[in-house]
Amino acid sequence: MKTPINKLSAISVCLLSLFSFHETQANTLSQSQIHRLEQLETQQQVKQVVVEMVNAIDSKQWSIAQSHFADKVFVDYSSMTGQAGSEVAATDLVGGWQSLLTQVETHHLLSNFDIQIDGNNAQMYSHVYASHTAQNIPYWDIYGRYFHKLQKVDEQWLITDMTLLTHGQKGNLNFLQEVSQMQQADNSSNDAKSLVQKVSFLSEGEKVVGDLYLPKDFDANKSYPAIIVSGSWTTVKEQMAGLYAEKLSQQGFVALAFDFRNFGESEGEARFYENPKQKVIDIKHAVSFVQTLSMVDKDKVGALGICAGAMYTLMAASEDTRIKSVVTAASWLHDAEAVKMFYGGEAGVKAKVTQAQQAKKKYQLTGEIEYIPSISTTDESAAMYGPYDYYLNPERGALPQWSDDKFAVMTWEDWLTLDPMPSAKGLTTPTLMVHSDGAVLPHYTKQYFENIAASDKKLHWIDTELESPYHQFSFYDQVEEVNESINEATKWFNQHL
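The working numbering applies: residue 12 is where the sequence shown begins, and numbers increase by one.
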């Protein structure tokens with residue numbers, strides 16, 4: 012049976028009690044008995060790693076499951092599939108499970124553990140019974156024995172080998188094929204315009220979920236340049252980031268739009284907390300992820316950011332030379348003076364920073380998150396207060412995946428004290444900036460551009476009659492501005508990737 016965590020804890024307490032007894036009554040225990048007790052404790056540690064791993068799979072806590080594996084794992088399911096075992100990256104292994112089991116409920120029962128310890132190496136046999144169910148598909152059960160090898164690295168046991176020795180199966184033997192066909196049918200209906208793959212990767216141990224847009228005539232035997240696309244603050248991948256990624260894929264690029272941590276389908280706490288430093292880190296991990304894909308030329312990775320996503324992208328590129336080319340559209344760039352223009356002058360900024368500090372303290376003490384609306388035309392405390400149609404219109408950016416009523420108050424300190432302007436002097440990457448006089452803070456985009464260290468840089472200015480900042484929102488989804496930005500980006504990336 013599956014070993015409950017509380018039972019393991021009870022065993023550990025018992026073992027610790029025995030060790031305490033040993034310390035006070037050393038003369039009553041032989042060295043062999045002491046060694047045996049140490050072996051028992053180590054065996055329980057090894058057993059718990061495997062049990063926690065399968066529990067995490069059943070509960071779809073993919074980042075926890077991956078944390079129990081070494082970076083590379085030898086996996087052998089040949090007794091079930093007939094295909095020889097091979098070494099795979101743990102990210103690919105867990106990512107494959109996540110992709111296949113999205114609509115599948117699993118339940119693993121482990122029993123009859125046989126554990127052998129040899130220094131920092133361990134191996135464990137166990138009986139396994141795994142059941143699988145999915146809507147409208149008959150169940151499938153498989154049973155046999157698991158064989159795991161583990162190594163102790165930095166005081167942590169990690170799984171290095173996993174072999175399934177199948178004894179029998181019950182129910183629908185075509186279960187996996189039917190699940191795969193069901194998911195392909197769903198993807199075909201959802202992605203009629205573009206080839207899109209749901210993907211995930213880890214950023215500082217937390218799961219980040221994205222949509223990977225593939226070129227129309229995608230060939231798995233080819234490698235393509237890849238573009239990391241980042242949208243404005245508070246947004247999710249289905250908004251401007253997804254639109255730009257889709258259009259870039261139509262130009263022959265592999266393009267990734269993803270939910271930053273704390274937003275959308277990605278993990279991260281506190282929810283709806285805009286953390287600029289964390290978003291810069293997420294972009295870097297997105298680069299690491301696409302470089303692992305066989306379809307991507309790892310030396311040809313670029314990045315495109317819209318609005319605040321441009322700010323985060325520029326900062327990431329100034330620190331990460333793996334980003335070989337950068338494009339920004341309607342970049343939001345500010346400093347301590349600029350934020351005063353939008354957030355009530357010096358007094359307004361100071362008040363918001365104080366509110367954020369108090370909200371952070373409350374969250375640390377109670378776990379409670381204070382929210383204000385993301386957008387409003389009536390509530391002046393909203394993060395965005397004004398008639399900004401993109402965020403108010405369901406036909407534009409007011410999508411179900413986005414939250415119009417939750418903006419974490421603790422955000423204000425991180426947002427209002429951020430100054431990306433100095434990063435320009437560290438940016439040696441070829442950079443194209445697309446902007447207009449009607450977009451937000453045009454002077455700051457020009458100032459940043461002038462200070463970019465790269466000699467290979469270009470400023471593309473779009474004419475408009477709209478006053479600042481109202482042209483900003485046209486870059487998010489309006490045909491003329493988006494297409495001009497994509498055309499310029501395509502030429503730039505083709506030249507510099």
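Think of the CB as a built atom: it goes at the ideal place given N, C-alpha and C, for glycine as much as any other residue. Only a predicted model underlies this, so the values are computations on that prediction, with no experimental measurement involved.
Mark ALA347 as exposed unless 16 or more other C-beta atoms lie within 10 angstroms of its C-beta, in which case mark it buried.
In the sequence shown, the residue the question calls residue 347 occupies position 336. Exposed is the call here.
Can you pull the DSSP bridge partners for ARG156?
Along the sequence shown, read from residue 1 onward, the residue named residue 156 stands at position 145. DSSP output for ARG156 lists HIS138, LEU176 as bridge partner(s).
Taking only three categories from DSSP, how would you classify PHE271?
Counting from 1 along the sequence shown, the entry for residue 271 is found at position 260. In this structure, PHE271 counts as coil in the three-state DSSP scheme.
Per DSSP, which one or two residues make a beta bridge with VAL451?
Taking the first residue of the sequence shown as position 1, residue 451 is located at position 440. Paired residue(s): none; VAL451 is not in a bridge.
Starting from ASP425, follow its DSSP beta bridges and name the residues at the other end.
Working through the sequence shown from its first residue, we reach residue 425 at position 414. Bridge partners of ASP425: none, in fact.
DSSP puts ILE126 in a beta bridge; with which residues?
Counting from one through the sequence shown, the residue named residue 126 turns up at place 115. Partner(s): MET135.
Which same chain residues, not among the five before or five after PHE30, have their C-beta less than 6 Å away from its C-beta?
The residue labelled residue 30 in the question sits at position 19 within the sequence shown. Low confidence applies here, because PHE30 scores a pLDDT of 43, under 50, leaving its location unreliable and the question unanswered by this model.
Whose C-alpha, out of GLU280, ASN286, ALA328, CYS318, is nearest the C-alpha of ALA297?
Within the sequence shown, numbered from 1, the residue matching residue 297 stands at position 286. Per the Cα distances, ALA328.
Identify which residue in GLY263, VAL115, GLN55, THR174 has its Cα closest to the Cα of SER89.
Position 78 of the sequence shown, counting from 1, holds the residue named residue 89. Selected option, being the one with the closest Cα: THR174.
My output table needs one value for THR377: the three-state DSSP class, helix, strand or coil.
Here residue 377 corresponds to residue number 366 of the sequence shown, with the count starting at 1. If DSSP states are grouped into helix, strand and coil, THR377 belongs with the helices.
Just to confirm, are THR144 and TRP413 a CB contact at a threshold of 8 Å?
Reading the sequence shown from its first residue, position 133 is the one you call residue 144. Reading the sequence shown from its first residue, position 402 is the one you call residue 413. Not closer than 8 Å, so no.
Helix or strand or just coil, what does DSSP make of HIS432?
What you label residue 432 is simply residue 421 of the sequence shown in a count that begins at 1. Just to set this straight, residue 432 is Met in the shown sequence, not His. Helix.
Hey, would you say GLY182 sits closer than 8 Å to TYR154, going by beta carbons?
Mapped onto the sequence shown, residue 182 falls at position 171. Mapped onto the sequence shown, residue 154 falls at position 143. No, Cβ-Cβ distance for GLY182 and TYR154 is not below 8 Å.
According to DSSP, simplified to helix, strand and coil, what is LEU438?
Translated into positions along the sequence shown, residue 438 becomes position 427. If DSSP states are grouped into helix, strand and coil, LEU438 belongs with coil.
Can you check whether the CB of ALA81 is closer than 8 Å to the CB of ALA101?
Residue 101 sits at position 90 when you count from the first residue of the sequence shown. Residue 81 sits at position 70 when you count from the first residue of the sequence shown. The answer is yes: Cβ separation under 8 Å.
Please name the residue, chosen from GLN262, LEU48, ASN498, TRP503, that lies closest to LYS468 on a Cα-to-Cα basis.
Within the sequence shown, the letter at position 457 stands for residue 468. When each option's Cα is compared against that of LYS468, the closest is TRP503.
Hey, how far is the Cα of ASN17 from the Cα of GLN302?
The count along the sequence shown starts at 1 and reaches residue 17 at position 6. The count along the sequence shown starts at 1 and reaches residue 302 at position 291. Here the model assigns ASN17 a pLDDT of 44, short of 50, so the residue's position is not dependable and the matter cannot be decided.
Could you give the DSSP three-state label for LYS311: helix, strand or coil?
Taking the first residue of the sequence shown as position 1, residue 311 is located at position 300. Residue state, collapsed to three classes: strand.
Looking only at DSSP bridge pairs, what is LYS218 linked to?
Residue mapping note: residue 218 aligns to position 207 of the sequence shown, counting from 1. Note: LYS218 sits in a beta bridge opposite LEU213.
In the DSSP assignment, what are the bridge partners of ASP87?
Reading the sequence shown from its first residue, position 76 is the one you call residue 87. Beta-bridge pairing links ASP87 to THR174.
Based on the DSSP output, what are the partners of TYR396 in its beta bridges?
On the sequence shown, residue 396 is found 385 positions in, with the first residue counted as 1. For TYR396, which the question treats as bridged, DSSP gives the partners SER387.
Buried or exposed, going by whether 16 or more other CB atoms sit within 10 Å of the CB of ALA203?
As a first step, residue 203 must be located in the sequence shown, where it is residue number 192. Only weak support exists for where ALA203 lies, its pLDDT of 45 falling under 50; the value from the coordinates is given anyway. ALA203 comes out exposed.
Rounded to whole angstroms, what's the CA-CA distance from MET326 to LYS295? Just pull it up for me.
For the purposes of this step, residue 326 is taken as the residue at position 315 of the sequence shown. For the purposes of this step, residue 295 is taken as the residue at position 284 of the sequence shown. Going by the C-alpha atoms only, they are around 10 Å apart.
Can you tell me which of the three DSSP states HIS296 falls into?
Working through the sequence shown from its first residue, we reach residue 296 at position 285. In the structure shown, HIS296 sits in a helix (DSSP, three-state: H, G or I).
Have a look at ILE473 and GLU499 and give me their C-alpha separation to the nearest angstrom.
The residue you call residue 473 lines up with position 462 of the sequence shown. The residue you call residue 499 lines up with position 488 of the sequence shown. Going from the Cα of ILE473 to the Cα of GLU499 covers about 11 Å.
Starting from LYS469 and walking both ways along the beta strand (DSSP E), at which residues does that stretch end?
Here residue 469 is taken as the residue at index 458 of the sequence shown, counted from 1. Taken as a continuous stretch (DSSP letters only), the beta strand (DSSP E) holding LYS469 covers 468 to 472.
If you draw a straight line from the C-alpha of LEU470 to the C-alpha of GLU424, how long is it?
Position 459 of the sequence shown, counting from 1, holds the residue named residue 470. Position 413 of the sequence shown, counting from 1, holds the residue named residue 424. Computed Cα separation, rounded: 31 Å.
Less than 6 Å between C-beta atoms, sequence neighbours within five positions excluded: which residues of the same chain meet that for GLU492?
As a working mapping, residue 492 is identified with position 481 in the sequence shown. Correct list, in chain order: SER485, PHE486.
Assuming VAL240 and LEU267 form a contact by the criterion Cβ under 8 Å, report the distance between their Cβ atoms to the nearest whole angstrom.
Sequence index remark: in the sequence shown, residue 240 carries index 229 (1-based). Sequence index remark: in the sequence shown, residue 267 carries index 256 (1-based). The Cβ separation is near 7 Å, so the contact holds.
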